[in-house]
Amino acid sequence: MDRVATNSLKNIIAGPVPALILSLILLIALLLLSFAAQNTAKLADIYAPLLVVNLVGIFVLLVLNLGSLYKLIKQVRSKVIGSRLTLRMVTMFSLLAFLPLIVVYYISIQFLSHGIDSWFDVRIEQAMSDATLLGQVSLKSLKEGQIETLIRYVPDVENTSDSLELISLLDRIRREEGYSETAMFTQNGRILASSSMQPGTLLPSQPGERVFTALDSNDAYAEQETGVDGSRIIRLAVIVPPSTVGMPPHVLQAIKPIPLRFANLESSINTAIGEYDRLLYLRGPIKFGFIMTLSLVSLMTLLLAVWTATFSARRLASPLRELAEGTQAVADGNYNTQLPVTSHDELGILIKSFNRMTQQISKARENAQQSQIKLVEQHTYLETVLGHLSSGVLSFDANQKLRTHNSRACEILDIEELDTLYNKNILQLSQALAPLKDFFIILNEAILANQPEWNEEVTLFSSHGKQVLLCRGTRLPGNQSGGSGYVFVFDDITVMLQAQRDAAWGEVARRLAHEIKNPLTPIQLSAERIRKKYLHTLDDSQKQTLDRATRTISEQVDSMKEMVNAFSSYAQPVSMNIHDVDLNQLLADVVELHKGHFGQVEVTLSLDDSIPPMMLDSGRMRQVFNNLIVNAVQALENTENAKLLVSTQSGTGKNEKIVTIRVEDNGKGIQKELMEQLFEPYVTSKEKGSGLGLAIVKKIIDEHGGAIWAKNMKNGGSCFTIQLPVKMNRLAQQQQSTTDKR
Amino acid sequence: MLVCKKNNNPLLLSLLLLVAAWSSSAHGRDMSIDQIEARLDGQSIQVDGNLTLTLTDDVRKALSKSIPLQLNMEFVLNRARNYYYDKEVAVWTVPIIISYRPVSDEYVVSRPDLLNQEETFGSQRAALERLGVFNNLSLPLPEPLKEGKKYYLEARVKLDLGQLPAMMRPLAYFSSSWHLNSKWTEWPLIR
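Quick note, the sequences are listed as chains A and B, same order. To get my numbering, take the position in the first sequence, counting from 1, and add 30. To get my numbering, take the position in the second sequence, counting from 1, and add 1119.
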């Protein structure tokens, strides 16, 4: 049987139908029992089965009720929703049924008891008793009379010894006294003689043992009996003394038919008195029967009432329980709860309203979820946009607390993480991020100014050097509380500014080279011609002066040519000659080349062997290292314990492998006022320097995609740091990949 | 009426008797079968026997108040079997009614199966004594008995509560003093 069929069967069994059928059967059985109790002839015979059916039915009802109550109490203890209400209703309904029932039962018992007692009138009872006594007296009198009559014949019988005479005497006695039979017996029952009304009767009616037993103690016996033909008779027996001394006495028996009328009357009186006696005796059992029937009816009514109360209470509480469970489900977050509408009364309306409410809540929740999803999508979209912006973004709410940022902001500001600083206001941020204190103070001032738009170039100084940020601020639309936030967008324009500056310097250099280089050769040639033409024509003093002047012009022109060539070199676009270079080897070669110039300087080479061959222009990189080492050696002049450290180290940058080269000395360091413009042309601390050395160095590094910066060391001296991306040819890349995997 | 039937165990009455068993079990035996002699006589069994019939006060009082009582003498003829339950061959119930006539102050003993055969007694005791002795009670056999097989007769006497007036039955069923019966006794069948 499948589950649906099982459930249907279960519902039918648990439903009201079986109980109603049982109740109907019990009611019919009780009704029949009631009729049977009234001694209805046909039903009296099935009294016992009816009683059994009722007892079994009541037992079943009792078990059903106890089971229901046990289940209900268990539910109450388990705090099942609705069970308390059901129990309360069951108690109330049961009391409502019990109280009137017990009153009716008590009154009915009283009424029944007195009613049955009243059936037996005292006078009738007395009359019946008197009639019985009268009948008994009459019968006794009749018997005594008959005995006396029979005893009168005893002397005659006693004196008759001849058998024929005895038969004749017995015949005479029978006829004279109207006996149906006379007979003479010995004491052990042997027939001596007899006479009968029926001529064909051979043997007389034999006196029983009880007759002889009675005659043992009395001289006479007279008892009524029913004859063989069903007629009523009186059996008379008397002792006949022996005629001879020493002989046993004999028994004279006579059968006296009772007149039919007398017999009928006696039978009628016997029946009537017997019926009355029986009825009188049955008064107790009748009461017992009625009271038992009434008790059974009451008990069954009570049990049915309790069962009905339980069933009704469950039915009534069922929608409330479902409603409570539904409410609980909604409270637990199940907004799709729908309850079955089983009735169209107020509870049905309530359940419909509940269903409507949950539907609306569910819809609202769906809308909220969709809004949430949209919001998340928008947020993701915004984050994606912000994340891919080349500009840094920071937004602050009306309380100046950080609300949004993008990854680019962290990169520009060189901050690891900003998420942990959310909900901190701008001043707290400036304290938490001390190197950016000035930056946040400027932003704070912009917020306080509360201008719709704000624009400013902010310069930051960090370990990487000067950083120029172009910041733009916009006031955000206010919310309902009236406050408004601020969003800042900023770009790192340091590189751009540097590029602009480099381009400007390049243009200057190109123009210088173009505008100055051209006249230099005529000037030099002219000086040479003047010298050649007029030197021998002048006297010694003038000759000396001219010679010195033309020589100076020629030297200065050469010097200017060199300078112009340098500018030209700086300004010219370079064609790179990139190839595999062993950086460590290159550095070692350069150091070795300058070994003769180091003097007292202690040179240390610290090279990282793991650096792979790199794609570099070895000539230009040699120029870089030459420049830096020469600068360092020059900076170490007049320095005690002069030390020069040249080191390489491989590492990982943001997205690629890098190599860091440091040229560090313990010389006099870099002047602070030069630090900002150290890599710009015409910036030098040397008397004879062109100021293009570091500018060219930076240009070469830029051309290799690297970076260079300088800083003064705490213990004196300066350090130039170069970072180069590791660019390898394909073969080298494969080799490096294999090495990394190992 | 002498009844010959295979099964006479009314289920409902048995249930009621079970309900009252607690009381009857506590009550002493008021009836007993003292002696039974069963002889095979052609197609019937002739039974002689002596019973002791003692009525309780409640029953005696009811009898004296003209409530007729029916005593059933129950006989079961079984064939003994060695390796299985004994086979029930026949069952007989012999009813005997004792009643009281108030006017003539006599007790009448009769057998419903034998018309016009009633005996009157002046006292209850005499009537019960007479009831306790029966001779040549004939029990007809439903089928001839098998030769060479061993048969035995089970006998019991009991007061038939179902024959009481309807209004008395509930009380009788629930009262221990009305549950009068002897034990089942076994007697050999003499061929």
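Don't be surprised by glycine CBs; every beta carbon is placed ideally from N, CA and C. From a predicted model like this one, the values you see are computed outputs, not experimental measurements.
> Candidates A:R650, A:V587, A:E206: which alpha carbon is nearest A557 (chain A)'s?
Replying inline: Taking the first sequence and counting its residues from 1, one reaches residue 557 (chain A) at position 527. From the listed residues A:R650, A:V587, A:E206, the smallest Cα separation to A557 (chain A) is found for A:V587.
> So what does C440 (chain A) bridge to, in DSSP terms?
Replying inline: Here the question's residue 440 (chain A) lines up with position 410 in the first sequence. Note: C440 (chain A) sits in no beta bridge, so no partner.
>> Does Q105 (chain A) come out as helix, strand or coil in the three-state DSSP assignment?
In response: Numbered from 1 along the first sequence, position 75 holds the residue referred to as residue 105 (chain A). Helix.
>> Across the segment 270-290 of chain A and the segment 1272-1289 of chain B, are there enough close Cβ pairs to call them in contact, namely three or more that are closer than 8 Å?
In response: Contact between the segment 270-290 of chain A and the segment 1272-1289 of chain B is absent: fewer than three C-beta pairs spanning the two stretches fall below 8 Å.
> Would you say G1147 (chain B) faces chain A, with C-beta separation under 8 Å as the test?
Replying inline: What you label residue 1147 (chain B) is simply residue 28 of the second sequence in a count that begins at 1. Reliability fails at G1147 (chain B), whose pLDDT of 43 lies under 50, so the model's placement of it is uncertain and no value is given.
>> I want to verify the contact list: residues of chain A whose CB lies under 9 Å from the CB of K1277 (chain B), in sequence order.
In response: Working through the second sequence from its first residue, we reach residue 1277 (chain B) at position 158. Within chain A, no residue comes near K1277 (chain B); the closest Cβ sits about 16 Å away, beyond 9 Å.
> In three-state terms, what does DSSP make of R1310 (chain B)?
Replying inline: Within the second sequence, the letter at position 191 stands for residue 1310 (chain B). R1310 (chain B) falls in the coil class under three-state DSSP.
> Which full runs of the alpha helix (DSSP H) of 4+ residues lie inside the segment 272-345 of chain A, going along the chain?
Replying inline: Fully enclosed alpha helix (DSSP H) runs of 4 or longer: 290-311.
> Per DSSP, I403 (chain A) is paired with what?
Replying inline: Within the first sequence, numbered from 1, the residue matching residue 403 (chain A) stands at position 373. Paired residues: none, contrary to the question.
> Since I316 (chain A) meets chain B, which of its residues come closer than 8 Å, beta carbon to beta carbon?
Replying inline: Mapped onto the first sequence, residue 316 (chain A) falls at position 286. For I316 (chain A), the neighbours in chain B by C-beta distance under 8 Å run, in chain order, M1286.
> Comparing the C-beta of K1184 (chain B) with each C-beta of chain A, is any distance below 8 Å?
Replying inline: The residue labelled residue 1184 (chain B) in the question sits at position 65 within the second sequence. True, the Cβ-Cβ gap to chain A drops below 8 Å.
> Among residues of its own chain, excluding the 5 on either side of L658 (chain A), which ones have a beta-carbon nearer than 7 Å to its beta-carbon?
Replying inline: Translated into positions along the first sequence, residue 658 (chain A) becomes position 628. V693, V727, F750, listed in sequence order.
> What did DSSP end up calling E1266 (chain B) once you bin it into helix, strand or coil?
Replying inline: As a working mapping, residue 1266 (chain B) is identified with position 147 in the second sequence. Under the three-state reduction of DSSP output, E1266 (chain B) falls in the coil class, being neither helix nor strand.
> Are there 16 or more other CB atoms within 10 angstroms of the CB of P315 (chain A), so buried, or fewer, so exposed?
Replying inline: For the purposes of this step, residue 315 (chain A) is taken as residue 285 along the first sequence, with counting starting at 1. P315 (chain A) is buried by the Cβ-count criterion.
> Bridge partners of D695 (chain A), per DSSP?
Replying inline: Working through the first sequence from its first residue, we reach residue 695 (chain A) at position 665. In the DSSP secondary-structure assignment, D695 (chain A) is bridged to A:L674.
>> Which same chain residues end up closer than 6 Å to I303 (chain A) when comparing Cβ atoms and leaving out the 5 residues on each side of it in sequence?
In response: Locating residue 303 (chain A) in the first sequence gives position 273, where the first residue counts as 1. M158, T162, listed in sequence order.
> Curious, which full-length alpha helix (DSSP H) runs of at least 4 residues does the segment 176-264 of chain A contain?
Replying inline: 184-188, 193-207, 239-247, all fully within the segment 176-264 of chain A.
>> Restricting to Cα atoms, I'd like to know which of A:F470, A:S198, A:A543 is closest to S599 (chain A).
In response: As a working note, residue 599 (chain A) is residue 569 in the first sequence. Nearest of A:F470, A:S198, A:A543 to S599 (chain A), Cα basis: A:A543.
> Should M1150 (chain B) be labelled buried (16 or more other beta-carbon atoms within 10 Å of its own) or exposed?
Replying inline: On the second sequence, residue 1150 (chain B) is found 31 positions in, with the first residue counted as 1. With 16 or more other Cβ atoms within 10 Å, it is buried.
> Which residue from A:L56, A:V633, A:G629 puts its Cα closest to that of T331 (chain A)?
Replying inline: Working through the first sequence from its first residue, we reach residue 331 (chain A) at position 301. When only C-alpha atoms are compared, the closest one is A:L56.
> Using a beta-carbon distance cut-off of less than 7 Å, what residues from the segment 229-244 of chain A approach chain B?
Replying inline: If the cut-off is 7 Å between Cβ atoms, the segment 229-244 of chain A has R240 near chain B.
> With respect to the alpha helix (DSSP H) encompassing W739 (chain A), which residues constitute its N-terminal and C-terminal limits?
Replying inline: Your numbering for residue 739 (chain A) matches position 709 in the first sequence. Looking at the DSSP string, W739 (chain A) is not in any alpha helix (DSSP H); the run it does join, the beta strand (DSSP E), is 737-742.
> Do you know offhand how far L129 (chain A)'s Cα is from Q1236 (chain B)'s?
Replying inline: In the first sequence, the residue the question calls residue 129 (chain A) occupies position 99. In the second sequence, the residue the question calls residue 1236 (chain B) occupies position 117. Spanning the alpha carbons of L129 (chain A) and Q1236 (chain B) requires a straight line of approximately 59 Å.
> Which residue from A:F215, A:F628, A:D610, A:G422 puts its Cα closest to that of P234 (chain A)?
Replying inline: Counted from its first residue, the first sequence places residue 234 (chain A) at position 204. Ranking A:F215, A:F628, A:D610, A:G422 by Cα distance to P234 (chain A) puts A:F215 first.
> For V1210 (chain B), which three-state DSSP category applies?
Replying inline: For the purposes of this step, residue 1210 (chain B) is taken as the residue at position 91 of the second sequence. DSSP places V1210 (chain B) in strand when its eight states are reduced to three.
> Quick one: does S1296 (chain B) have its CB under 8 Å from some CB of chain A?
Replying inline: On the second sequence, position 177 is the one that residue 1296 (chain B) refers to. No, its Cβ sits nowhere closer than 8 Å to a Cβ of chain A.
> Looking at the C-beta of N189 (chain A), does it have a partner C-beta in chain B at a distance below 8 Å?
Replying inline: Along the first sequence, read from residue 1 onward, the residue named residue 189 (chain A) stands at position 159. Answer no: the Cβ-Cβ gap between N189 (chain A) and chain B never drops below 8 Å.
>> Can you pull out the residues from the segment 1220-1249 of chain B whose beta carbon lies closer than 7 Å to at least one beta carbon of chain A?
In response: Residues are counted here when their Cβ sits less than 7 Å from a Cβ of chain A; for the segment 1220-1249 of chain B these are R1220, P1221, V1222, S1223, D1224, E1225, N1235, E1237, T1239, G1241, A1245, given in chain order.
>> Considering only the alpha carbon of each residue, which of A:I137, A:L565, A:R650 lies closest to S605 (chain A)?
In response: Looking up residue 605 (chain A) in the first sequence gives position 575. Of the candidates A:I137, A:L565, A:R650, the one whose C-alpha sits nearest the C-alpha of S605 (chain A) is A:R650.
> Just how far apart, CA to CA, sit P349 (chain A) and I456 (chain A)?
Replying inline: As a working note, residue 349 (chain A) is residue 319 in the first sequence. As a working note, residue 456 (chain A) is residue 426 in the first sequence. When the Cα atoms are used, P349 (chain A) and I456 (chain A) turn out to be separated by approximately 59 Å.
> From which residue to which residue does the alpha helix (DSSP H) around H544 (chain A) run?
Replying inline: Against the first sequence, residue 544 (chain A) aligns to sequence position 514. 524-564 is the extent of the alpha helix (DSSP H) around H544 (chain A).
>> Any C-beta of chain B within less than 7 Å: which residues of the segment 158-174 of chain A qualify?
In response: Listed by position along the chain: T162, G165, Q166, L169.
>> List, in chain order, every chain B residue whose beta-carbon is nearer than 9 Å to that of D307 (chain A).
In response: To locate residue 307 (chain A), count along the first sequence from 1; it is residue 277. Under the 9 Å cutoff, chain B gives S1183, K1184, S1185, I1186, Y1219, P1221.
>> Is L1190 (chain B) close to chain A? Criterion is C-beta to C-beta, closer than 8 Å.
In response: Counted from its first residue, the second sequence places residue 1190 (chain B) at position 71. Judged by the 8 Å Cβ criterion, L1190 (chain B) is not in contact with chain A.
>> So, with DSSP's three-state summary, where would you put A1140 (chain B)?
In response: Mapped onto the second sequence, residue 1140 (chain B) falls at position 21. Its pLDDT being 45, under 50, A1140 (chain B) is placed unreliably in this model, and the value from its coordinates should be taken loosely. A1140 (chain B) sits in a helix when the DSSP states are folded into three classes.
>> To the nearest angstrom, how far is the alpha carbon of Q217 (chain A) from that of D259 (chain A)?
In response: Numbered from its first residue, the first sequence carries residue 217 (chain A) at position 187. Numbered from its first residue, the first sequence carries residue 259 (chain A) at position 229. One C-alpha to the other measures close to 27 Å.
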